[in-house]
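Residue numbers (numbering that gives the first Met the number 0), protein chains in the order written: chain A, 0 to 251; chain B, 0 to 251.
Number of protein chains: 2
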Amino acid sequence: MMNDNRIELIPLVGFPLVHTGDDIPNLIISVFDEQSIELHSGDIVVVTHSIISIAEGKLYHLEDVEASDRAREISEEIGSSPERVEVALKEAREILREKPVLITKTQHGIITDFSGVDESNAPPNMLTALPDDPDKTARSISDVLSEKMGFKVPVIITDTQGRPWRKGAVNLAIGVAGMSPFKYNVGKKDLHGHELQGSLVCLADQVAAATELVMGQAGEGIPVVIVRGIKFDYGDGSATQILRSDSENLFT
Amino acid sequence: MMNDNRIELIPLVGFPLVHTGDDIPNLIISVFDEQSIELHSGDIVVVTHSIISIAEGKLYHLEDVEASDRAREISEEIGSSPERVEVALKEAREILREKPVLITKTQHGIITDFSGVDESNAPPNMLTALPDDPDKTARSISDVLSEKMGFKVPVIITDTQGRPWRKGAVNLAIGVAGMSPFKYNVGKKDLHGHELQGSLVCLADQVAAATELVMGQAGEGIPVVIVRGIKFDYGDGSATQILRSDSENLFT
Chain A
0 MMNDNRIELI PLVGFPLVHT GDDIPNLIIS VFDEQSIELH SGDIVVVTHS
50 IISIAEGKLY HLEDVEASDR AREISEEIGS SPERVEVALK EAREILREKP
100 VLITKTQHGI ITDFSGVDES NAPPNMLTAL PDDPDKTARS ISDVLSEKMG
150 FKVPVIITDT QGRPWRKGAV NLAIGVAGMS PFKYNVGKKD LHGHELQGSL
200 VCLADQVAAA TELVMGQAGE GIPVVIVRGI KFDYGDGSAT QILRSDSENL
250 FT
Chain B
0 MMNDNRIELI PLVGFPLVHT GDDIPNLIIS VFDEQSIELH SGDIVVVTHS
50 IISIAEGKLY HLEDVEASDR AREISEEIGS SPERVEVALK EAREILREKP
100 VLITKTQHGI ITDFSGVDES NAPPNMLTAL PDDPDKTARS ISDVLSEKMG
150 FKVPVIITDT QGRPWRKGAV NLAIGVAGMS PFKYNVGKKD LHGHELQGSL
200 VCLADQVAAA TELVMGQAGE GIPVVIVRGI KFDYGDGSAT QILRSDSENL
250 FT
């Protein structure tokens, strides 16, 4: 049953609770060391954004949030807390829908519900917002891990987000470093020898989705997953490349 | 480095070229036997829809397709073949956008580009359309595999589709049997002891995305992947449950 094409998703269990100011790349390295985990060349390290948001202090204390009248109105309509709506409005560059879900475009240009503002896995009485520059954070983690390992270690930072026409959220890439977020199948031939056209695949989003299967969403304490065995292009990719420009956007 | 939470994606290499009329569940079993692959209880078997479409004869010969004036107009605008547009219109229940990509709602209620009609991995000079009832096909494969193995084997059938506001396609579940397509995290507590609210995750889409990492899109000949080690709910789920109803749809 040996087979070179298999892929493994290896969760980093026993990751400590993260606090603001923590040094995430060195925390990851210390957990590798503690557990005698060795990265291999070709591994991708995937990190859930919530520990980045906490480490970088992208947190709002509920008691410091003063909900505006508008936030209160929206919150009553959609049944979410006024504080979460207030912070979501604050984090938004543009508001796309208020009902049945608050959908915004964030400062990063990400279109998502509640600007990515979340109550789960935040410290008590706090909300987490998305990191200010997840691509930059991914690069800094990738740089530290690559330096330590002696080979390039790509990093993906993820968030779990809803979709406009399908139920249930899926994990997506919001920060990428050390790899292209895409696979281009153009120019390859299929089983029957056809040239394939236009088959751009978002590899980074698929890797993110795969890792949520081990991360879980709730209380399992697995914020970091190693993905081993996939084919990808090393390169200076970013998650920003995944976002459609306004003219290409099929939603707004 | 042992750890019970790891997940494996095991591609079924050496799958034969599929022809119309082939018995897919028994083909899968014969490849398992040839390669001494043993399914474990808890494994999910994921199958790309293209071999289902071929086996079920959901194929259009290019020479039999007569492109209408409308199909020709759309095809000129968007640079796709008139035959592909014609078949996409024929397979559509509703046309949502013509530009910059033809987006339709299919007979199944799936919103996707070109109604899922594809030139890649079709036999020469043919187009594949989506299977008529991928949930039913998933159930029939699940039934045969479960009977053979003596335990329940959930099955997911996939298609790779674009997204409205993110570049690059991702693999999704269009047929599900023997499991719920969702994980409900409601009622769980997060790391800090909060009850999580409303965290419905589309497990089946995440599993589909993960398997595309090994299936590839082009010519790799890996239409079947075994997913081992994930937590899911057995049950009478279907991919139809993933589709938002018109009133919940945030796109149309």
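Idealized CB from N, CA, C, for every residue including glycine. Just so it is clear, the structure is predicted and the values come from calculations on it, not from any experiment.
Under 7 Å Cβ to Cβ from L171(A), same chain only, skipping five residues before and after it: list those, please.
So the list reads T157, D158, Q160, D204 and A207, once near-sequence residues are dropped.
If you follow the alpha helix (DSSP H) that M214(B) is in, where does it begin and where does it stop?
For M214(B), the enclosing alpha helix (DSSP H) covers residues L202 to M214.
Can you list the residues of chain B that G56(A) reaches, using a CB-CB cut of under 9 Å?
Within chain B, no C-beta atom comes less than 9 Å from the C-beta of G56(A); the nearest is roughly 17 Å away.
Boundaries (first-last residue) of the alpha helix (DSSP H) holding N25(A)
Per DSSP, N25(A) belongs to the alpha helix (DSSP H) from I23 to E33.
Is G167(A) close to chain B? Criterion is C-beta to C-beta, closer than 7 Å.
So, interface residue.
Please identify the residue among I51(B), S35(B) and S40(B) whose C-alpha is closest to the C-alpha of V223(B).
It is I51(B) whose Cα lies nearest to the Cα of V223(B).
Under the three-state DSSP convention, the category P133(B) falls into
The three-state secondary structure of P133(B), taken from DSSP, is helix.
Please name the residue, chosen from P122(A), G236(A), E76(A) and D142(A), that lies closest to L16(A) on a Cα-to-Cα basis.
For L16(A), the nearest C-alpha among the options comes from P122(A).
Where G174(A) falls: helix, strand or coil (DSSP):
In the three-state reduction of the DSSP assignment, G174(A) falls in the strand class.
Output the distance between the C-alpha atoms of P24(A) and L144(A), rounded to the nearest integer angstrom.
Near 7 Å, if we compare the C-alpha coordinates of L144(A) and P24(A).
Starting from the Cα of Q106(B), find the closest Cα among F231(B), G236(B) and E93(B) and give me that residue.
Residue E93(B) holds the alpha-carbon nearest to the alpha-carbon of Q106(B) among F231(B), G236(B) and E93(B).
Starting from V84(B), follow the alpha helix (DSSP H) in both directions and report where the run begins and ends.
It spans P81 to E90 - the alpha helix (DSSP H) in which V84(B) sits, taken as one unbroken run.
Give me the residue from E97(B), S40(B) and E82(B) with the minimum Cα distance to E76(B).
Measuring C-alpha to C-alpha distances from E76(B) to each of E97(B), S40(B) and E82(B) identifies E97(B) as the nearest.
Where do the ends of the beta strand (DSSP E) carrying H60(B) lie?
First-last of the beta strand (DSSP E) with H60(B): L58 to H60.
Locate the alpha helix (DSSP H) running through R243(B), then write down its first and last residues.
First-last for R243(B): undefined, no H or E at that position.
Local conformation of E75(B) per DSSP, three classes
For E75(B), the secondary structure class from DSSP, reduced to helix, strand or coil, is helix.
DSSP state of E65(A), grouped into three classes?
Under the three-state reduction of DSSP, E65(A) is assigned to coil, being neither helix nor strand.
Using 8 Å as the Cβ pair cut-off and three pairs as the minimum, do the stretch 131-148 of chain A and the stretch 222-238 of chain B touch?
Verdict: no, contact absent.
Write down the C-beta distance between A269(B) and P133(B) rounded to the nearest angstrom, noting that I regard them as a contact closer than 8 Å.
An answer regarding residue 269(B) cannot be provided, because it is not within the stretch 0 to 251 covered by chain B.
Within the same chain, show all residues whose beta-carbon is closer than 8 Å to that of Q34(B), passing over the 5 residues directly before and after it, in chain order.
Within its own chain, the residues whose Cβ lies closer than 8 Å to the Cβ of Q34(B), once the five positions on either side in sequence are excluded, are L11, V12 and G13, listed in chain order.
CB-CB length for V100(A) against V86(A), believed under 8 Å:
Between the beta-carbon of V100(A) and that of V86(A) there is about 16 Å, and that puts the pair past the 8 Å contact cut.
So that I know if they touch, is there some Cβ in chain B lying closer than 7 Å to that of A208(A)?
For A208(A), the answer is yes, since a Cβ of chain B falls inside 7 Å of its Cβ.
Name the one or two DSSP bridge partners that D112(A) has.
D112(A) has I102(A) as its beta-bridge partners, per DSSP.
Applying the 10 Å Cβ sphere with the 16-neighbour rule, what's the burial state of G115(B)?
Classification for G115(B): buried.
Can you check DSSP and say which residues form a bridge with T19(B)?
According to DSSP, T19(B) bridges with nothing at all.
Under the rule that 16 or more other beta-carbon atoms within 10 Å means buried, what is H270(B), buried or exposed?
Residue 270(B) cannot be examined here, being either before or after the span of chain B that is shown, 0 to 251.
In the DSSP assignment, what are the bridge partners of R162(A)?
R162(A) pairs with nothing; no bridge assigned.
So, is the C-beta of Q205(A) closer than 7 Å to a C-beta in chain B?
True, the Cβ-Cβ gap to chain B drops below 7 Å.
Please determine, among I9(A), L26(A), G20(A) and D42(A), the residue with the shortest C-alpha to C-alpha distance to G149(A).
Closest by alpha carbon: D42(A).
Does chain B have any CB closer than 7 Å to the CB of L258(A)?
Any question about residue 258(A) goes unanswered here, given that chain A covers just 0 to 251.
Whether I155(A) touches V45(A) by CB criterion (7 Å)
Yes, the pair counts as a contact, with Cβ atoms nearer than the cut-off.
What whole-angstrom Cβ distance do L199(B) and I109(B) have, given they're in contact under 8 Å?
Between I109(B) and L199(B) the Cβ distance is about 19 Å, and since that is not below 8 Å, they are no contact.
For D131(B) and E211(B), I'd like the C-alpha separation in whole angstroms.
Each residue's CA atom was taken as its position, placing D131(B) and E211(B) some 22 Å apart.
Can you find a CB in chain B that lies within less than 7 Å of the CB of L156(A)?
Before going on, a small fix: residue 156(A) reads as Ile here, not Leu. False, the Cβ-Cβ gap to chain B never drops below 7 Å.
Any C-beta of chain B under 7 Å from that of L8(A):
It does: the Cβ of L8(A) has a partner Cβ on chain B nearer than 7 Å.
Could you run through the stretch 234-248 of chain B and flag, in chain order, every residue whose CB is less than 8 Å away from some CB of chain A?
Listed in chain order, the positions of the stretch 234-248 of chain B with a beta carbon within less than 8 Å of a beta carbon of chain A are Q240, I241, L242, R243, E247 and N248.
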